[in-house]
Amino acid sequence: MDISNYLSPESCTVQLEGRSKAEVLSSLADLICRSPDLKDPDREAVLKGLLERETMGSTGFGKGIALPHCKVEGMERFALALGISSKGVSFDAMDGRSVHVFCAIVGPPEDPEMHLRLLAAASRVLGTGNSRYEMLSSTSAYALREAFLYHASPATALDTCGDRSCNRLMMVVVQEEEVYNDIIELFLEMGLPGAVTHEGNLMSQVLSGAPVFAGFLDVLGSSKPEPRTIMALVPADTLDDMISSIEEITGDLENHRGACIIVLSPDLVRGSLETI
Numbered sequence: 003m004d005i006s007n008y009l010s011p012e013s014c015t016v017q018l019e020g021r022s023k024a025e026v027l028s029s030l031a032d033l034i035c036r037s038p039d040l041k042d043p044d045r046e047a048v049l050k051g052l053l054e055r056e057t058m059g060s061t062g063f064g065k066g067i068a069l070p071h072c073k074v075e076g077m078e079r080f081a082l083a084l085g086i087s088s089k090g091v092s093f094d095a096m097d098g099r100s101v102h103v104f105c106a107i108v109g110p111p112e113d114p115e116m117h118l119r120l121l122a123a124a125s126r127v128l129g130t131g132n133s134r135y136e137m138l139s140s141t142s143a144y145a146l147r148e149a150f151l152y153h154a155s156p157a158t159a160l161d162t163c164g165d166r167s168c169n170r171l172m173m174v175v176v177q178e179e180e181v182y183n184d185i186i187e188l189f190l191e192m193g194l195p196g197a198v199t200h201e202g203n204l205m206s207q208v209l210s211g212a213p214v215f216a217g218f219l220d221v222l223g224s225s226k227p228e229p230r231t232i233m234a235l236v237p238a239d240t241l242d243d244m245i246s247s248i249e250e251i252t253g254d255l256e257n258h259r260g261a262c263i264i265v266l267s268p269d270l271v272r273g274s275l276e277t278i
């Protein structure tokens, strides 16, 4: 997935207008409809969809960012819009902070998987401090778009290999919830089919349940986060890129004790699981 195909320069601005949630959503609807790739966009339908989505819960996810999004009947393709509000807007964000960086996503209801992949991609980009700083420092719509796309570029969609023998079973074990969520978003963005997750326990947690080891965790000082395992079939020729993208989230795994990657060559793969 090349996210640049859905974000036109005409749909970006470093001077987003609006002092209230409704006014900002109206400006974002205008930006969406400026996309030259949309044929006769229904501006009122876009705005109505964005407003209705906000009634389900704010898309202000904290850290000064918001991801308004909706599905619009009759749209033939997805479109994104980027906007910077230098003064900030009260958006009922989860952390209560004003929102300065907005990324709107609008598309047809017939393709929920692409909708989720675009949301995951935008969330991953805006979730890093470096990308937000560069976007907030942008002085033009062109610079804003380039800053966003630069940080979106490391993750590219994985092509499904026709021969299943070329796939590898990748298992990513992580303890930190934020890292886990970021990797889930990465997998979703890259379109990995049938990725599944499993929650487990550290051996110390199991031992503490036995009478003879009662108080074991107290002796160590405190319990640690429960590990979670993400498993997916990954084309062998994309493993290096996939691992590099994961390490952009976790840091160098050779020096990170809260995560690890295990890759196996399966003897047999029969059946499949759908992402959606």
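Position one of the sequence shown corresponds to residue 3 (this note's numbering), numbered consecutively onward.
Where a beta carbon is used, it is the ideal one built from N, C-alpha and C, also for glycine.
Model, not experiment: these values are computed from the prediction.
Where residue i falls, given that 16 or more other Cβ within 10 Å makes a residue buried
{"i": "Met77", "result": "buried"}
{"i": "Arg147", "result": "buried"}
{"i": "Glu191", "result": "buried"}
{"i": "Glu112", "result": "exposed"}
{"i": "Leu270", "result": "exposed"}
{"i": "Ser37", "result": "buried"}
{"i": "Gly62", "result": "buried"}
C-beta atoms of residue i and residue j nearer than 8 Å
{"i": "Ala261", "j": "Ala234", "result": "no"}
{"i": "Tyr1", "j": "Leu82", "result": "This structure gives no information on residue 1, because the portion of the chain shown stretches from 3 to 278."}
{"i": "Arg45", "j": "Asp32", "result": "yes"}
{"i": "Asp94", "j": "Ser60", "result": "yes"}
{"i": "Thr231", "j": "His200", "result": "yes"}
{"i": "Leu171", "j": "Pro110", "result": "no"}
{"i": "Ala149", "j": "Ser133", "result": "yes"}
Residue i versus residue j: straight-line alpha-carbon distance, rounded
{"i": "Cys168", "j": "Asp4", "result": "24 Å"}
{"i": "Phe189", "j": "Ser28", "result": "32 Å"}
{"i": "Ser10", "j": "Asn183", "result": "28 Å"}
{"i": "Leu121", "j": "Gln177", "result": "24 Å"}
{"i": "Glu54", "j": "Leu266", "result": "45 Å"}
{"i": "Ala238", "j": "Ser6", "result": "26 Å"}
{"i": "Ile264", "j": "Met96", "result": "35 Å"}
{"i": "Gly202", "j": "Met173", "result": "13 Å"}
{"i": "Gly253", "j": "Thr130", "result": "13 Å"}
{"i": "Gly98", "j": "Gly90", "result": "12 Å"}
{"i": "Leu194", "j": "Val175", "result": "17 Å"}
{"i": "Ser13", "j": "Phe80", "result": "12 Å"}
{"i": "Ala68", "j": "Pro114", "result": "20 Å"}
{"i": "Leu222", "j": "Ser247", "result": "Note on Leu222: pLDDT 46, under 50, position unreliable in the model; no value is reported."}
{"i": "Met58", "j": "Asp243", "result": "37 Å"}
{"i": "Glu56", "j": "Met116", "result": "20 Å"}
{"i": "Pro229", "j": "Ile251", "result": "16 Å"}
{"i": "Leu204", "j": "Pro227", "result": "9 Å"}
{"i": "Thr162", "j": "Val236", "result": "Caution applies to Thr162, whose pLDDT of 44 falls short of 50 and renders its modelled position unreliable; the model cannot decide the point."}
{"i": "Ala143", "j": "Ile245", "result": "32 Å"}
{"i": "Ala47", "j": "Gly273", "result": "40 Å"}
{"i": "Leu30", "j": "Lys73", "result": "14 Å"}
{"i": "Gly64", "j": "Leu49", "result": "22 Å"}
From the options, residue whose alpha carbon lies closest to that of residue i
{"i": "Ser92", "options": "Glu178, Glu201, Val26", "result": "Val26"}
{"i": "Glu180", "options": "Leu241, Ser125, Ser140", "result": "Ser125"}
{"i": "Leu18", "options": "Gly64, Ile86, Gly66, Ala68", "result": "Ile86"}
{"i": "Leu118", "options": "Met172, Thr240, His71, Ala143", "result": "His71"}
{"i": "Leu140", "options": "Leu171, Glu112, His102, Met116", "result": "With the sequence shown as reference, residue 140 is identified as Ser, and Leu is not the correct amino acid for it. Ranking Leu171, Glu112, His102, Met116 by Cα distance to Ser140 puts His102 first."}
{"i": "Tyr135", "options": "Val271, Glu249, Val16, Leu241", "result": "Val16"}
{"i": "Leu128", "options": "Ala143, Phe104, Glu112", "result": "Phe104"}
{"i": "Lys23", "options": "Leu52, Asp42, Gly193", "result": "Leu52"}
{"i": "Glu75", "options": "Arg36, Asp42, Gly62, Ala145", "result": "Asp42"}
{"i": "Leu84", "options": "Met137, Gly64, Ala47, Leu49", "result": "Met137"}
Distance between beta carbons of residue j and residue i, contact taken as under 8 Å
{"i": "Ile34", "j": "Val108", "result": "5 Å"}
{"i": "Ala123", "j": "Ala154", "result": "6 Å"}
{"i": "Leu241", "j": "Glu249", "result": "Between Glu249 and Leu241 the Cβ distance is about 12 Å, and since that is not below 8 Å, they are no contact."}
{"i": "Ser100", "j": "Gly66", "result": "7 Å"}
Cβ of residue i within 8 Å of any chain C Cβ
{"i": "Tyr152", "result": "Here there is only one protein chain, and chain C is not present."}
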